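**Student:** Residue numbers (our numbering): 793 to 1126.
No residue lacks a Cβ here, since even glycine has one placed at the ideal position from N, Cα and C.
Fair warning: this is a prediction, and the values are worked out from it, not measured in the lab.
Next up is a structure, given as structure tokens.
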Ligand code: AHG
Ligand code: MN
Ligand code: MN
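Set out below in structure tokens:
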């Protein structure tokens, strides 16, 4: 295969959008840079004690922040603000959005929402973690400070979304609404190469992914679906895989086919995952790859968030598997 770097790919894709100003390309390039810095830190996590373990404080959602959560957050926000191409950012690790108020950034037309380090409880045990991002056009007037409404848009308005997985290799997977492409990082030369062009999720898979420790707290239809996955009546011989890093579970199912579920449970009535910087960006990606993403009752992309850190039940993956689950949730099938 021709060695296409992500930089070349971004420029080539930009040429397909007449009138493009290159701002989106610069955002992707900032994300690429921050991900290289983070990848480097993650790879030496076992050696560098200053980046392992808890930062000794909680984020607004009451979750213990890891040192690497804080490092990842600072790295992405610094890279994005330095380019002058976005007017604000919202992150899992910050209570509210951050407005970039200087003149250059105020004139920018995009905002970014980000989960800087996903699966951070896995970092201390050498298991894959990730970053998830989403890009929207601002709704407020250019030149004025960003407002909350710029960050609370339905997933349908996304201009781009993607993730980085820091696994056995580091990969960047993203969409700008024209399919999904994956790039693998070559650490020896510091470059991402196109490795997975035009990714498509198989229509049907064998994998179901859910935290079965919560099984007894799920609603009956979800338990019925999981029973189906486990039953002999299921001729496809489903198998269970759950890493506990959303990005890693999503990435595996995207390639192999499968369904990932984080349902509501008796403790968390809206599940655990956050709509704006976890579910909506992955919903955009999976739909671009031919799959589906729903909450219990609606398409994730159609939900208009009412707050930044809103949680939502999340079911995502191969189209036929999500269709089947949806029928069971609606009481139409067993
Ligand atoms: P984060 O590390 O960004 O807070 O996200 C953690 C999420 C997600 O990565 C993962 O799929 C899920 O939490 C796992 O939750 P359980 O441990 O409840 O299964
Ligand atoms: Mn997360
Ligand atoms: Mn996170």
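With a CB to CB cut of under 7 Å and the five nearest residues on each side skipped, what residues in its chain are close to residue 850?
**Tutor:** The residues are 856, 857.
**Student:** Please report the straight-line C-alpha distance between residue 906 and residue 925, rounded to a whole angstrom.
**Tutor:** Each residue's alpha carbon lies about 4 Å from the other.
**Student:** Just the residues with CB closer than 6 Å to a heavy atom of ligand 2, in chain order, which are they?
**Tutor:** Those residues, listed in chain order, are 907, 910, 1038, 1070.
**Student:** For the segment 906-920 against the segment 870-884, do three or more pairs of beta-carbon atoms, one drawn from each stretch, fall closer than 8 Å, so that the two count as touching?
**Tutor:** Judged by Cβ distances under 8 Å, the segment 906-920 makes contact with the segment 870-884, as three or more pairs qualify.
**Student:** Tell me whether residue 979 is buried or exposed, calling it buried when 16 or more other Cβ atoms sit within 10 Å of its Cβ.
**Tutor:** Residue 979 should be labelled exposed.
**Student:** Starting from the Cα of residue 828, find the closest Cα among 984, 807, 1107, 803 and give me that residue.
**Tutor:** Comparing Cα-Cα distances from residue 828 to each of 984, 807, 1107, 803, the minimum goes to 984.
**Student:** So what does DSSP say about residue 866, is it helix, strand or coil?
**Tutor:** In this structure, residue 866 counts as helix in the three-state DSSP scheme.
**Student:** Give the straight-line distance between the Cα atoms of residue 966 and residue 1021, rounded to the nearest whole angstrom.
**Tutor:** Computed Cα separation, rounded: 30 Å.
**Student:** Run the proximity test for residue 1102: is its beta-carbon closer than 8 Å to any non-hydrogen atom belonging to ligand 3?
**Tutor:** No.
**Student:** If you draw a straight line from the C-alpha of residue 1111 to the C-alpha of residue 894, how long is it?
**Tutor:** Taking the straight line from one Cα to the other gives about 44 Å.
**Student:** What does the alpha-carbon distance come out to for the pair residue 890 and residue 1113?
**Tutor:** Going from the Cα of residue 890 to the Cα of residue 1113 covers about 38 Å.
**Student:** Is there at least one non-hydrogen atom of ligand 1 closer than 8 Å to the beta-carbon of residue 1036?
**Tutor:** Yes, the Cβ of residue 1036 comes within 8 Å of a heavy atom of ligand 1.
**Student:** Starting from residue 1052, trace the alpha helix (DSSP H) in both directions and tell me its first and last residue.
**Tutor:** It is not in any alpha helix (DSSP H) - residue 1052 instead sits in the beta strand (DSSP E) that spans 1050-1054.
**Student:** Could you have a look at residue 1003 and say whether DSSP puts it in helix, strand or coil?
**Tutor:** The answer is coil: DSSP assigns residue 1003 none of H, G, I, E or B.
**Student:** In the DSSP assignment, find the unbroken beta strand (DSSP E) run with residue 905 in it and report its ends.
**Tutor:** Note, residue 905: beta strand (DSSP E), 902-910.
**Student:** Between which two residues does the beta strand (DSSP E) carrying residue 952 extend?
**Tutor:** Note, residue 952: beta strand (DSSP E), 950-958.
**Student:** Can you check DSSP and say which residues form a bridge with residue 922?
**Tutor:** Note: residue 922 sits in a beta bridge opposite 910, 957.
**Student:** Residue 887: which of 1102, 1116, 959 sits nearest, CA to CA?
**Tutor:** The shortest C-alpha separation from residue 887 is found at 1102.
**Student:** Report, in whole angstroms, the separation of the C-beta atoms of residue 1097 and residue 1067, which I expect to be a contact under 8 Å.
**Tutor:** About 5 Å; that satisfies the 8 Å criterion.
**Student:** In the DSSP assignment, the beta strand (DSSP E) including residue 857 goes from what residue to what residue?
**Tutor:** Start and end: 856-858.
**Student:** Residue range of the alpha helix (DSSP H) that residue 1122 falls in?
**Tutor:** Per DSSP, residue 1122 belongs to no alpha helix (DSSP H) and is neither H nor E.
**Student:** Please classify residue 866: is it buried, with 16 or more other beta-carbons within 10 angstroms of its beta-carbon, or exposed?
**Tutor:** Exposed is the call here.
**Student:** Over what stretch of residues does the alpha helix (DSSP H) that includes residue 882 continue unbroken?
**Tutor:** Per DSSP, residue 882 belongs to no alpha helix (DSSP H); it is in the beta strand (DSSP E), 878-883.
**Student:** For residue 850, does the three-state DSSP call read helix, strand or coil?
**Tutor:** Three-state result, residue 850: strand.
**Student:** To which residues of the same chain is residue 960 closer than 8 Å at the C-beta, ignoring the five residues directly before and after it?
**Tutor:** 920.
**Student:** Over what stretch of residues does the beta strand (DSSP E) that includes residue 1086 continue unbroken?
**Tutor:** Residues 1084-1086.
**Student:** Rounded to whole angstroms, how far is the Cβ of residue 912 from the Cβ of residue 860, which I believe are closer than 8 Å?
**Tutor:** Yes, they are in contact, since the Cβ atoms of residue 912 and residue 860 sit about 6 Å apart, within 8 Å.
**Student:** If contact is defined by three or more beta carbon pairs under 8 Å, each pair taking one atom from either stretch, is the segment 1040-1059 in contact with the segment 994-1012?
**Tutor:** Segments in contact, yes.
**Student:** Could you tell me whether the Cβ atoms of residue 831 and residue 981 are closer together than 9 Å?
**Tutor:** Cβ distance not < 9 Å, so residue 831 and residue 981 don't count as in contact.
**Student:** Below 8 Å, is the gap between the Cβ of residue 899 and the nearest heavy atom of ligand 3?
**Tutor:** Answer for residue 899: no, Cβ out of range of ligand 3.
**Student:** How should residue 1077 be labelled, buried or exposed, when 16 other C-beta atoms within 10 angstroms of its C-beta is the threshold for buried?
**Tutor:** Residue 1077 comes out buried.
**Student:** Please tell me whether, using a cut-off of 8 Å, the distance from the CB of residue 850 to the nearest non-hydrogen atom of ligand 1 is below it.
**Tutor:** No, Cβ of residue 850 sits at least 8 Å from all heavy atoms of ligand 1.
**Student:** Just checking residue 912 against ligand 3 - is the residue's beta carbon closer than 8 Å to any of the ligand's heavy atoms?
**Tutor:** Checking the Cβ of residue 912 against ligand 3 gives yes.
**Student:** When the distance is taken between beta carbons, is residue 914 closer than 9 Å to residue 1032?
**Tutor:** No. Outside cutoff.
**Student:** Does residue 1089 come out as helix, strand or coil in the three-state DSSP assignment?
**Tutor:** In the structure shown, residue 1089 sits in coil (DSSP, three-state: anything other than H, G, I, E or B).
**Student:** Starting from residue 799, follow the beta strand (DSSP E) in both directions and report where the run begins and ends.
**Tutor:** Counting along the chain, residue 799 falls outside any beta strand (DSSP E), though it belongs to the alpha helix (DSSP H) covering 798-807.
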